[in-house]
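Read top to bottom, the protein sequences are chains A, B and C.
Sequential numbering from 56 applies to the first sequence in the numbering used here.
Sequential numbering from 41 applies to the second sequence in the numbering used here.
Sequential numbering from 23 applies to the third sequence in the numbering used here.
Every residue gets a Cβ at the ideal spot worked out from N, C-alpha and C, and that includes glycine.
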Amino acid sequence: MSLLAFSEQVINGLIIGVFYALAALGLSLIFGVLKIVNFAHGELYMLGGFVYYVFASLFGLPPVAAVLVACVALFLVGMAIEHLLIDPIYRGKVERVDEYAIMITFGLAILLQNLMLSIFGPWTKRPEAIFRGRIEIGELIVSGDRLAAAGVGIVLMGLLLYVLRYTWAGKAVRAVSQDRETAAIVGVNAKLTGMLAFGLGSALAGAAGALIGPVFLVYPTMGVIPVIKAYVIVVLGGLGSVPGAILGALILGLFENLATVLIPDTTRALAYKDAYGLVLLIVVLIFRPQGLFGEKVRRS
Amino acid sequence: MIGRDVSRQAAIGAAVLALFLAVPLFGLDEYWIYILTIGFYYAILASSWSLLVGYVGRISFAHVAMSGLGAYTSVVASGTLGLPLLLSIPLAGLVTGIVGLAIGRLCLRLHGAYLGLTTIAFSEIVRIAFTAEHELTRGSLGLPAVALFETTDRIPYYYSFLALLVTCLLIMWLVLRSRIGLFFAAIREDEDAAASLGVKVVRWKIFAFTFSSIIAGIAGGFYAHFVQLVTPSMMSIQEMGFVLSMAVVGGFQNIFYAALGGVFLELLLEMLREIGEWRMTLFAVVVILILRYAPNGLFGEIVRMALQRRTRT
Amino acid sequence: MTAQLVTDGVVKRFGGLTALDHVTFEIEAGELVGLIGPNGSGKTTFLNVLSGFYRPEQGSVSFEGRSIVGREPSALATAGIARSFQVTKIFRRLSVLENLLVPGLTDWSAAPRAAAEKGRAILDGLDLGRLAGEPAANLSGGQAKLLEFGRIMMLAPKLVLLDEPFGGVHPTLKRLMHDTIRDWNARGTSIILISHDMGSIFDLCRRIVALQNGRVIANGPPEAVRSDPAVLQAYLGTRSARAAS
Ligand SMILES: Nc1ncnc2c1ncn2[C@@H]1O[C@H](COP(=O)(O)OP(=O)(O)OP(=O)(O)O)[C@@H](O)[C@H]1O
Ligand SMILES: [Mg+2]
Chain A
56 MSLLAFSEQV
66 INGLIIGVFY
76 ALAALGLSLI
86 FGVLKIVNFA
96 HGELYMLGGF
106 VYYVFASLFG
116 LPPVAAVLVA
126 CVALFLVGMA
136 IEHLLIDPIY
146 RGKVERVDEY
156 AIMITFGLAI
166 LLQNLMLSIF
176 GPWTKRPEAI
186 FRGRIEIGEL
196 IVSGDRLAAA
206 GVGIVLMGLL
216 LYVLRYTWAG
226 KAVRAVSQDR
236 ETAAIVGVNA
246 KLTGMLAFGL
256 GSALAGAAGA
266 LIGPVFLVYP
276 TMGVIPVIKA
286 YVIVVLGGLG
296 SVPGAILGAL
306 ILGLFENLAT
316 VLIPDTTRAL
326 AYKDAYGLVL
336 LIVVLIFRPQ
346 GLFGEKVRRS
Chain B
41 MIGRDVSRQA
51 AIGAAVLALF
61 LAVPLFGLDE
71 YWIYILTIGF
81 YYAILASSWS
91 LLVGYVGRIS
101 FAHVAMSGLG
111 AYTSVVASGT
121 LGLPLLLSIP
131 LAGLVTGIVG
141 LAIGRLCLRL
151 HGAYLGLTTI
161 AFSEIVRIAF
171 TAEHELTRGS
181 LGLPAVALFE
191 TTDRIPYYYS
201 FLALLVTCLL
211 IMWLVLRSRI
221 GLFFAAIRED
231 EDAAASLGVK
241 VVRWKIFAFT
251 FSSIIAGIAG
261 GFYAHFVQLV
271 TPSMMSIQEM
281 GFVLSMAVVG
291 GFQNIFYAAL
301 GGVFLELLLE
311 MLREIGEWRM
321 TLFAVVVILI
331 LRYAPNGLFG
341 EIVRMALQRR
351 TRT
Chain C
23 MTAQLVTDGV
33 VKRFGGLTAL
43 DHVTFEIEAG
53 ELVGLIGPNG
63 SGKTTFLNVL
73 SGFYRPEQGS
83 VSFEGRSIVG
93 REPSALATAG
103 IARSFQVTKI
113 FRRLSVLENL
123 LVPGLTDWSA
133 APRAAAEKGR
143 AILDGLDLGR
153 LAGEPAANLS
163 GGQAKLLEFG
173 RIMMLAPKLV
183 LLDEPFGGVH
193 PTLKRLMHDT
203 IRDWNARGTS
213 IILISHDMGS
223 IFDLCRRIVA
233 LQNGRVIANG
243 PPEAVRSDPA
253 VLQAYLGTRS
263 ARAAS
């Protein structure tokens, strides 16, 4: 393989990694605070794509504004979901917590998928891109829509990391992640923090969906594969770890893109593209459930 | 007290079975016979899934993948290798049993969401592999399967699926009412406590996985020769969502309620054809409401209310 | 006479923390030994090693002359080692009687009917008879601890490991527990009792082992351990000791 093709794959891998990271970060944030895996995360991502499509293509909003609308809308949707379906767990209203959390978010995924299918039909939509054209670095050509979307994604991630590290809300999120009860004792409103975390996590998923919509198209099942990637990433990085999620995303993006060029039988390599990460997921979960970088969890 | 409940439940069960046995005699449309037969297939999947989730407290998203694996096994064994169906379908159960055993063994220490993620990953890998291996499976075109009976009449299929469903339920019920069922419950409630009291946690968890996988595999094998085509979509996450909905709506803490949920939802799916995709939207709303407000499921609640009224009068 | 259970140089680490640091210990058949030590001294960890929940990194553990390192907790329960948990672990959605049937039926030769009868008798003895059909979730904290006792009795073990059985228990109930423990012991069952309740420990045990930072700092009859300077230091001087280090 030529150096050019190789660096093209590396750049593509990194760009995809940014989107993966955006989705995975939200998943990790939600797990950190609420200790649940959101099985509807892919559908929140899909919802972001649709909100973006409606505002950018149907209402003609400028693309960047439409991305922001998608973020805000998904933030509100996330808060509502937490309030209606997740919070009851913490108020002792649910008998079988583990199974409930998995099944309720899985049910939500089915709901959102079919709702969008009912409203918009199964056809793919291609909303306005943030930036058309392409960028040439020497002989290397990168399509502009991807690069611009990745740029916005990086800005959003930076913003989130800033919020988590330096604001009061971020401190609350970190406090509740570590120990919900102690956080509550020292005056953190755990309920509100939970809503905030779910809202932020959803907004990130929505942002990823909105940004990637113009590139990979918008349709009701668009979230199924990417969310599985997001699971792989958070598992690689250790569930609940934010830096782990970013690192995991870059690893996966690179791994997939390189695996496709490194495996000689190209049609096979492509057909199995989505399976590499899954194998990785199983191996990590079975042999290192705390993630590649995480610390071993305590036995209760 | 418990004894009386059991005999009442047995009476209800017998009545429901008699109803299903009699249905074709009322001259029901061929089409509905066909739909009910598919409903029986889903009833087997929903109930064997609920055995794992409701009784042992282990979630699996790989259940329809097992069914699909069983279907492909039987189709390839009967088609390519020319085995009679009488051998190929049990072979399907054997293969899924072995795979279930292996997964159960690998996932021993995982529970909750981690187990959910691992089984989703496994399920997707199987689906991707069966789509990718064109030479063997013809990819998403699917493989044609030999028919179970040499007739186009729906009735033999109806009764054989009903018989299969009843057999599976009976076997599961026998296992669950034995001490194994108590061990399952102990593991579900507190694994460490169960182990400290001599329950062979490892053995029973693997057993549960294997057992429910065998049932799914045999059901899948049967189903393939009924619809006479297997495709990878049989193993999709959406299909898993459908089975989960059935178990939850019927009541996933009881294999019989889950089975009824399977038949019920499949019927409803057909009856509501006019509203198109809104059907699944509606089902999903119902699933969420039931999980939140009536975790015993529709049939669990109905039976509970009926029993309560009886005891009051 | 050789000891029933012997550990030699047992080490258990959690990451950088050494929870058990070369613990050498033995208990004779029929003995009742108290295990004391400040919070975090490794008592529960030691119990987890003895009951097969943790595998030690170093050292040996043998029961009735055979090594039990690496054996499953369930196998050890069947071999005669039963335990309770510091944080009570009852089967909440099973009935009180079913809670006893679980250990009662792990022996495949036991008939369900006989196990149920035995279970009812045990529940009566623990004053839980009228709650037999209730879901265990309805029990009070103290009753739940008694239920754990009942489950242990179903196993008819040779060695019982009790982790803090008197925590949050009313004196009347505590007396019932004391009687039960004495009764077990009188019938030849050996017992290791962990407790912060010094009254109970001194009341019941004829030998006490004290742990601190995962190390055995004292081992002997109650009077000797009570006045042992290392023990006094561990209990009274933890703050000053920590400040010094
Ligand atoms: N699973 C675990 N992972 C990490 N550290 C652990 C684990 N279990 C125990 N520890 C640590 O090992 C040390 C000993 O703990 P252990 O529970 O044995 O103490 P203990 O003597 O039972 O205390 P207490 O009287 O409070 O019950 C403590 O520092 C504890 O934090
Ligand atoms: Mg302790």
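C-beta neighbour in chain A for residue i, strict 8 Å
i, result
"Gly182 of chain B", "no"
"Pro272 of chain B", "no"
"Ile277 of chain B", "yes"
"Met320 of chain B", "yes"
"Val343 of chain B", "no"
"Ala142 of chain B", "no"
"Leu284 of chain B", "yes"
"Arg178 of chain B", "no"
"Leu91 of chain B", "no"
Proximity of residue i and residue j at Cβ, strictly below 8 Å
i, j, result
"Ala203 of chain A", "Gly103 of chain A", "no"
"Gly119 of chain B", "Gly257 of chain B", "no"
"Tyr81 of chain A", "Gly292 of chain A", "For the sequence presented, residue 81 of chain A should be read as Gly rather than Tyr. It is not a contact, given that the beta carbons lie outside the stated cut-off."
"Ala117 of chain B", "Ser128 of chain B", "yes"
"Val182 of chain C", "Lys167 of chain C", "no"
"Ile213 of chain C", "Ile203 of chain C", "yes"
"Ser217 of chain C", "Glu170 of chain C", "no"
"Leu57 of chain C", "Val253 of chain C", "no"
"His265 of chain B", "Val215 of chain B", "no"
Chain B residues whose Cβ lies nearer than 7 Å to that of residue i
i, result
"Val273 of chain A", "Those within 7 Å of Val273 of chain A in chain B number zero; the least Cβ separation is about 17 Å."
"Lys111 of chain C", "Asp230, Asp232, Ala233"
Cβ of residue i within 8 Å of any chain B Cβ
i, result
"Ala99 of chain C", "yes"
"Phe107 of chain C", "yes"
"Val316 of chain A", "no"
"Thr211 of chain C", "no"
"Phe171 of chain C", "no"
"Val118 of chain C", "no"
"Glu150 of chain A", "yes"
"Ser73 of chain C", "yes"
"Arg125 of chain C", "The displayed chain sequence assigns Pro, not Arg, to residue 125 of chain C. Yes, Pro125 of chain C lies at the interface with chain B (some Cβ there is under 8 Å from its Cβ)."
"Phe175 of chain A", "no"
"Pro134 of chain C", "yes"
"Leu333 of chain A", "yes"
"Thr128 of chain C", "yes"
"Glu311 of chain A", "no"
"Met101 of chain A", "no"
"Tyr75 of chain A", "no"
"Ile283 of chain A", "yes"
Chain-ordered neighbours of residue i on chain B, where CB pairs are closer than 9 Å
i, result
"Arg235 of chain A", "What Arg235 of chain A touches in chain B: nothing, since even the nearest Cβ is about 17 Å away."
"Arg114 of chain C", "Glu229, Asp230"
Close beta carbons around residue i, own chain, < 8 Å, minus the five adjacent residues each side
i, result
"Leu195 of chain A", "Leu59, Ser62, Glu63, Ile66"
"Ser180 of chain B", "Thr171, Thr271, Pro272, Ser273"
"Val338 of chain A", "none"
"Ile223 of chain C", "Gly56, Ile58, Leu215, Ser217, Ile230, Pro244"
Any chain C beta carbon closer than 8 Å to residue i
i, result
"Lys245 of chain B", "no"
"Leu222 of chain B", "yes"
Chain-ordered chain C contacts of residue i [CB-CB under 9 Å]
i, result
"Arg48 of chain B", "What Arg48 of chain B touches in chain C: nothing, since even the nearest Cβ is about 17 Å away."
"Val242 of chain B", "Glu94, Ser96"
Proximal residues to residue i (C-beta, below 6 Å), its chain only, five neighbours per side dropped
i, result
"Gly87 of chain A", "Ser232, Gly295"
"Phe189 of chain B", "Pro196"
"Glu231 of chain B", "Val241"
"Arg354 of chain A", "Note that Arg354 of chain A scores 38 on pLDDT, short of 50, meaning its location in the model is unreliable and no value can be drawn from it."
"Ser47 of chain B", "none"
Interface partners of residue i on chain C, CB under 8 Å
i, result
"Arg217 of chain B", "Simply none; closest approach about 10 Å."
Other residues of its chain near residue i: CB distance less than 7 Å, five sequence neighbours each side excluded
i, result
"Ala263 of chain C", "Its pLDDT being 44, under 50, Ala263 of chain C is placed unreliably in this model, and the coordinates cannot settle the point."
Where the stretch 224-238 of chain B meets chain C: residues whose CB sits under 9 Å from a CB there:
Ala225, Ala226, Arg228, Glu229, Asp230, Asp232, Ala233, Ala234, Ala235, Ser236, Leu237, Gly238
Contacting positions in the stretch 132-144 of chain A - beta carbon closer than 9 Å to chain B
Leu139, Leu140, Pro143
Which residues, in order along the stretch 170-192 of chain C, keep a beta-carbon less than 7 Å from a beta-carbon of chain B?
Arg173, Leu177
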